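J.: Protein chains in written order, with the working numbering: chain A, 1 to 329; chain B, 1001 to 1340. Yeah, the Cβ is synthetic: ideal placement off N, Cα and C, and Gly gets one too. Just so you know, these numbers come straight off a predicted model, no measurement behind them.
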Amino acid sequence: MRRPSARKRWSWRSQAFRGLLWQVVAVLLVGFAVWFLAHNTLENMRARGIQSGFDFLKGPAGFDIGESLIPYDALDPYWKAFLVGILNTLRVAIIGIGVATLFGTLLGIGRFSANAIVRGLCYAYTETFRNVPILLQLLFWYLVFTEVLPPVAEPVSVGPFLLSKAGFSFPWWVEGRWSVPAPGAFSMEGGASATPEFMAVLMGLVFYTSAFIGEIVRAGIAAVPKGQVEAASALGLPRGLQVRKVILPQALRVIIPPLTSQYLNITKNSSLAVAIGYPDVVSIANTSLNNTGRAVECISIIMLVYLVTSLSTALFMNWYNKRVAIQER
Amino acid sequence: MNKTTVSLAIALALAVPFGAHAGKTLDSIKQKGQVACGVHTGLSGFSQADSQGNWDGIDVDYCKALAAAVLGDASKVKYVPLTAAQRFTALQSGEIDILSRNTTWTLTRDASLGLNFIGTVYYDGQGFLVPAKSKVKSAKAMKGATVCVQSGTTTEKNLTDYSRANKLDMKPVVFEKIEAATGAYFSGRCAAFTTDASGLASVRNKEAKNPADHVILPELISKEPLGPAVRRGDDEWFAIAKWVLFGLIEAEEYDITQANVEKLAAESTDPVVMRITGKSEDTGKLLGLDKDWMVKAVKAVGNYGEMFERNVGPKTPLNLPRGLNNQWNKGGLQYAPPIR
């Protein structure tokens, strides 16, 4: 057999050459499309006298934000307002991921319960919550919090924990001592409060996503061969230990990849919070957009924020997936 | 952020770049046979659609007058309902020819959004709506109160300014849609709802179960001159839009009404009335319109005073006093430069 010469490899008939050529063409096309859109946008905006650029981020925002994890004042610059919004998004996403995972795992395990009532409840829950659009669920929870709960002046209380239209208020460590909430004229004074907006977003996300996570966990458990459980039983392991030491470690390999998608969904769905007045990054960007008119810039910031959070979540989950995957030798 | 804003931004990215386009708006309107007018999605007295899809309101009437002056037919308006967040992008991207959507004229908007405000249809100020049973008599008593507000408006900043200046530490809860903001207020989530006073009257009248249960506080915390705006770069269209509004205001000053405009056009010997009705000088030609442009506009919607009375005045459910919006010679601020 004759080996093709090195020169011949770079002919039009060579697959490697054609492959490379197509890739170069594709990159050029994409590059041109991006350049065309960017150039065109700038040109059109200039022609219409619309000012552009990210310099506005340094100017004072001038608007208050209802809830913030960091000290924020209306005279702080726009970038800090965006930071408050990003932190609010992350807060609801991270807590949501934690609670939804816990809740979803219990649901998934519950579907295998020997108790018919537990099985039935878990089934009914899953089918109800995953089949109602999440925006409706958010609006529903918000309605529950704002319509059903009592006014600030006469909250429902369990010890120092108060529930009212101002949200869920609880004692909190303020300036070196425990501060206990008490009804004021217009809001809870002292302690700390989770606003109805935050609670509605959190509950909407948790109830919706945990239904999906429950199904993923169920599928993962179902994928563990029956022989494993039987073997564990034969060894005399109690049911709890079987779940923790035999079933879950094997199920995790099936669970992690689809679970990653659900985590990404929680983060992205949190942007629906704007409908019920939770000051997430989309809400802040909306306000900034309207105060400054920098539509392209503000939308880019939102896209960047979700891209970065989603990619970091995916990276972390991929790393974890590698860790729990079967070590093939 | 919503789909429309994003798609409008995309439209801006895809649109073929163009240079100056002076006079193009009028040509394209004549070619299309209709004026594309951006209006509020539903604010009674200003712009709202009934069950048959007929629009009315003072902002809508201005669009009708403009269409009548330009095309000779007040019904040739294409209404584009817009949220506060969408409105400027819709104008910038050319989806609408005129934005007549209770929009506050501010420096930032005038100077950096690629648009020109043409004048003031309604002089307003921002106020607070509170439940009567809360017994609040002044905004200054609302220390630490949560306040529901719609995003995409000047109200958020005004609220912050007022809260700072008076050390009230008010907490805004910001909603994208006005329906969500008012819904949260009526459910009791917020101690107050804030927007322009005219908007408060509209919300109280349209959405409260019993309007008497809600009080508009006496403080007005800002100046809100609400007016239409056009895209920058077309001075001819800018002039037409401006002078239709001025014409409607001047028509009231000289008692030209929907009922008598044709009779006055035929019979009046008053030189000012003859100029406005196009019987003596041809002001329409200077603008690129027909000679009787003002007759058509007033015939369509009446003069400014009639627009006010029909949509927001004391005889309407909104029951807004004429106040600042009266003619300059009756103690108000409406002062139109002369048509001559």
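Could you give the distance in angstroms between the alpha-carbon of F1018 (chain B) and the alpha-carbon of M45 (chain A)?
T.: In the second sequence, the residue the question calls residue 1018 (chain B) occupies position 18. In the first sequence, the residue the question calls residue 45 (chain A) occupies position 45. Per-residue confidence for F1018 (chain B) stands at a pLDDT of 46, beneath the threshold of 50, marking its modelled position as unreliable; no derived number is given.
J.: Residues of the region 134-163 of chain A with a CB closer than 7 Å to any CB of chain B: list them in chain order, please.
T.: For the region 134-163 of chain A, which is checked against every Cβ of chain B, the residues closer than 7 Å are T146, E147 and P151.
J.: In the DSSP assignment, find the alpha helix (DSSP H) that holds P1271 (chain B) and state where it starts and stops.
T.: Reading the second sequence from its first residue, position 271 is the one you call residue 1271 (chain B). Element bounds for P1271 (chain B): P1271 to I1276.
J.: Using Cβ-Cβ distances below 7 Å, what residues of the region 1110-1141 of chain B are close to chain A?
T.: Hits within the stretch, in order: S1112, L1113 and G1114.
J.: Throw me the rounded Cβ distance for the N291 (chain A) and K1157 (chain B) pair, which I believe falls under 8 Å.
T.: Looking up residue 291 (chain A) in the first sequence gives position 291. Looking up residue 1157 (chain B) in the second sequence gives position 157. Right, the Cβ-Cβ distance comes to about 7 Å (below 8 Å), so this counts as a contact.
J.: Should the region 1082-1090 of chain B be called in touch with the region 1058-1074 of chain B, which here means at least 3 C-beta pairs below 8 Å?
T.: Result no; under three Cβ-Cβ pairs closer than 8 Å.
J.: Output yes if chain B places a C-beta closer than 8 Å to the C-beta of T260 (chain A); else output no.
T.: Against the first sequence, residue 260 (chain A) aligns to sequence position 260. Output row for T260 (chain A): interface = no.
J.: So, for S179 (chain A): in the same chain, excluding its five sequence neighbours on each side, which residues have a beta-carbon less than 7 Å away from its beta-carbon?
T.: Within the first sequence, the letter at position 179 stands for residue 179 (chain A). Excluding residues within five positions, the ones whose Cβ falls inside 7 Å are P171, W172, G190 and G191.
J.: Determine, using beta carbons only, whether G184 (chain A) comes closer than 8 Å to chain B.
T.: For the purposes of this step, residue 184 (chain A) is taken as the residue at position 184 of the first sequence. So, interface residue.
J.: Would you kindly work out how many angstroms separate the C-alpha atoms of E1250 (chain B) and N1303 (chain B), rounded to a whole number?
T.: Indexing the second sequence from 1 puts residue 1250 (chain B) at position 250. Indexing the second sequence from 1 puts residue 1303 (chain B) at position 303. So the alpha carbons of these two residues sit roughly 8 Å apart.
J.: Could you check the C-alpha separation between K1263 (chain B) and F1117 (chain B) for me, to the nearest Å?
T.: One-based indexing of the second sequence puts residue 1263 (chain B) at position 263. One-based indexing of the second sequence puts residue 1117 (chain B) at position 117. Roughly 33 Å between the two C-alpha positions.
J.: For S310 (chain A), which residues in the same chain have their Cβ closer than 8 Å to its Cβ, ignoring the five residues on either side in sequence?
T.: For the purposes of this step, residue 310 (chain A) is taken as the residue at position 310 of the first sequence. Here the set comprises L264, T267 and K268.
J.: Counting C-beta neighbours from all protein chains within 10 Å, is the total for I256 (chain A) 16 or more, i.e. buried, or is it exposed?
T.: Residue 256 (chain A) sits at position 256 when you count from the first residue of the first sequence. Buried: at least 16 other Cβ atoms inside 10 Å.
J.: Please check if any C-beta of chain B sits within less than 8 Å of the C-beta of E197 (chain A).
T.: As a working note, residue 197 (chain A) is residue 197 in the first sequence. Yes, E197 (chain A) lies at the interface with chain B (some Cβ there is under 8 Å from its Cβ).
J.: How many Å lie between V1035 (chain B) and D1027 (chain B) at the Cα?
T.: In the second sequence, counting from the first residue as 1, residue 1035 (chain B) sits at position 35. In the second sequence, counting from the first residue as 1, residue 1027 (chain B) sits at position 27. Cα to Cα, V1035 (chain B) sits roughly 11 Å from D1027 (chain B).
J.: Could you say if the region 14-27 of chain A and the region 1088-1095 of chain B meet the contact criterion of at least three C-beta pairs nearer than 8 Å?
T.: Cβ pair count under 8 Å is below three, so no.
J.: Quickly, what does DSSP pair D1196 (chain B) with across the bridge? List them, please.
T.: The count along the second sequence starts at 1 and reaches residue 1196 (chain B) at position 196. B:Q1126.
J.: Within 8 Å (strictly less), CB to CB, does F309 (chain A) reach chain B?
T.: The residue labelled residue 309 (chain A) in the question sits at position 309 within the first sequence. Note that residue 309 (chain A) is Thr in the sequence shown, not Phe. Not closer than 8 Å to any Cβ of chain B, the Cβ of T309 (chain A) fails to qualify, so no.
J.: Mapping the DSSP letters down to three states, classify A1251 (chain B) as helix, strand or coil.
T.: In the second sequence, the residue the question calls residue 1251 (chain B) occupies position 251. Note: A1251 (chain B) maps to helix in three-state DSSP.
J.: Can you tell me where the alpha helix (DSSP H) with T41 (chain A) in it begins and where it stops?
T.: Stepping through the first sequence from its first residue, residue 41 (chain A) is reached at position 41. It spans Q15 to A47 - the alpha helix (DSSP H) in which T41 (chain A) sits, taken as one unbroken run.
J.: Do Q1150 (chain B) and F1186 (chain B) have their C-beta atoms within less than 8 Å of each other?
T.: Taking the first residue of the second sequence as position 1, residue 1150 (chain B) is located at position 150. Taking the first residue of the second sequence as position 1, residue 1186 (chain B) is located at position 186. No, the pair does not count as a contact, with Cβ atoms beyond the cut-off.
J.: Please name the residue in B:G1278, B:N1326 and B:T1316 whose C-alpha comes closest to that of I1339 (chain B).
T.: As a first step, residue 1339 (chain B) is located in the second sequence; it is residue number 339 there, counting from the start. Among B:G1278, B:N1326 and B:T1316, the Cα nearest to that of I1339 (chain B) is on B:G1278.
J.: What distance in whole Å lies between the Cβ atoms of S1047 (chain B) and H1040 (chain B), which are believed to be in contact at a cut-off of 8 Å?
T.: The residue given as residue 1040 (chain B) occupies position 40 in the second sequence. The residue given as residue 1047 (chain B) occupies position 47 in the second sequence. At roughly 4 Å, the Cβ-Cβ gap stays under 8 Å, so H1040 (chain B) and S1047 (chain B) are in contact.
J.: Bridge partners for V156 (chain A) per DSSP, in chain order?
T.: The sequence position of residue 156 (chain A) within the first sequence is 156, counting from 1. Answer is A:L163.
J.: Restricting to Cα atoms, I'd like to know which of B:R1232, B:D1073, B:P1225 and B:T1194 is closest to I1216 (chain B).
T.: Your numbering for residue 1216 (chain B) matches position 216 in the second sequence. Nearest of B:R1232, B:D1073, B:P1225 and B:T1194 to I1216 (chain B), Cα basis: B:T1194.
J.: Check D1056 (chain B) in the structure and name its three-state DSSP category.
T.: For the purposes of this step, residue 1056 (chain B) is taken as residue 56 along the second sequence, with counting starting at 1. DSSP places D1056 (chain B) in strand when its eight states are reduced to three.
J.: I need the boundaries of the alpha helix (DSSP H) containing S1100 (chain B), first residue and last residue.
T.: Within the second sequence, residue 1100 (chain B) is the residue found at index 100, counting from 1. No alpha helix (DSSP H) holds S1100 (chain B); the beta strand (DSSP E) holding it covers I1098 to T1104.
J.: In chain B, which residues lie less than 9 Å from K226 (chain A) when you measure between Cβ atoms?
T.: Position 226 of the first sequence, counted from the start, is the residue given in the question as residue 226 (chain A). Within 9 Å Cβ-Cβ: nothing; K226 (chain A) doesn't reach chain B, min ~48 Å.
J.: Could you list which residues in chain B have their beta carbon closer than 9 Å to that of T313 (chain A), in chain order?
T.: Residue mapping note: residue 313 (chain A) aligns to position 313 of the first sequence, counting from 1. By Cβ distance, chain B contributes nothing, its closest Cβ being about 21 Å from T313 (chain A), past 9 Å.
J.: Please name the residue in A:A234, A:I247, A:G227 and A:P238 whose C-alpha comes closest to that of R218 (chain A).
T.: Position 218 of the first sequence, counted from the first residue, corresponds to residue 218 (chain A). The residue with the shortest Cα to Cα distance from R218 (chain A) is A:I247.
J.: Any idea what DSSP makes of P258 (chain A), helix, strand or coil?
T.: In the first sequence, residue 258 (chain A) corresponds to position 258, counting from 1. P258 (chain A): helix per DSSP, three-state reduction.
J.: Quick check: what's the CA-CA separation for K1167 (chain B) versus N318 (chain A)?
T.: Stepping through the second sequence from its first residue, residue 1167 (chain B) is reached at position 167. Stepping through the first sequence from its first residue, residue 318 (chain A) is reached at position 318. Approximately 50 Å between the Cα atoms of the pair.
J.: With a CB to CB cut of under 7 Å and the five nearest residues on each side skipped, what residues in its chain are close to L954 (chain B)?
T.: Since the first residue of chain B shown is 1001 and the last is 1340, residue 954 (chain B) is not available in this structure.
J.: Whose C-beta lies closer than 8 Å to the C-beta of A1022 (chain B) among residues of the same chain, with five residues either side of it excluded?
T.: Locating residue 1022 (chain B) in the second sequence gives position 22, counting from the first residue. Confidence in A1022 (chain B) is poor, its pLDDT being 42 and thus under 50, which makes the residue's placement too unreliable to answer from.
J.: In the DSSP assignment, the beta strand (DSSP E) including P150 (chain A) goes from what residue to what residue?
T.: Residue 150 (chain A) sits at position 150 when you count from the first residue of the first sequence. Unbroken run through P150 (chain A): none, as it is neither H nor E.
J.: Would you please verify whether the beta carbon of V1261 (chain B) is less than 8 Å from any beta carbon of chain A?
T.: Translated into positions along the second sequence, residue 1261 (chain B) becomes position 261. Answer no: the Cβ-Cβ gap between V1261 (chain B) and chain A never drops below 8 Å.
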